[in-house]
Amino acid sequence: MKKIALFAFLGLAVAFSGCSKNEKSGEEKQANSKLPVFALIDSTEYDFGTIQEGAIVEHEFKFRNDGEYPLILNNISSSCGCTTPEWPKDPIGPKETSSIKVRFDSKHKAGPQVKTITVYANTEPANIELRLKGIVNAAPQPVDADSATAKK
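Position in the sequence shown (from 1) plus 3 gives the number in this note's numbering.
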């Protein structure tokens with residue numbers, strides 16, 4: 004009789020623990036569905052093609068908040084000091100659109116370039132990566148007056 008009671012108790016314990024897990028995952032899904040959603044309107048990557056060294060490239064990454072609560076961009080960092088982001092500091096409401104302007108200065112940056120911009124927001128996941136890429140042709144080297152006369 005004790006064995007039957009013990010098995011019945013264990014069976015109930017397992018059944019209740021299974022219910023609480025289902026309730027938790029349901030609560031988590033409900034909470035996640037209400038988070039802001041950073042939805043890019045275009046692409047996460049912008050190819051600026053081939054430019055001459057010293058040129059400045061600007062691009063706007065347009066996005067929309069597809070969530071039910073305001074989207075807050077906490078911070079944006081770039082992989083290089085040559086790339087500077089500008090972003091809205093005010094919350095972006097549900098279904099509102101906005102943009103992140105990124106400026107790349109190619110001075111002293113000859114060759115293939117890939118710059119990563121990381122957006123930190125109150126979303127799940129908490130960060131999104133954007134990229135600028137392209138090729139920077141080296142600027143022609145100025146002719147030194149001494150070397151020009153030496154060649155003559």
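Cβ coordinates follow ideal geometry from the N, Cα and C atoms, glycine included. Quantities reported herein were computed from a predicted structural model and do not represent experimental measurements.
- Rounded to the nearest angstrom, the gap between the Cα atoms of Gly96 and Val105 is 22 angstroms.
- Of the candidates Lys65, Cys83 and Gly84, Lys65 places its Cα closest to the Cα of Glu48.
- Annotated as proximal: Ala113 and Glu56, with beta-carbon spacing under 8 angstroms.
- Around the beta-carbon of Ser101, 16 or more other beta-carbon atoms lie within 10 Å, marking it buried.
- Going by C-alpha positions, Asn78 is about 25 angstroms away from Lys110.
- Counting the other CB atoms within 10 Å of its CB gives Val122 a total of 16 or more, which places it among the buried residues.
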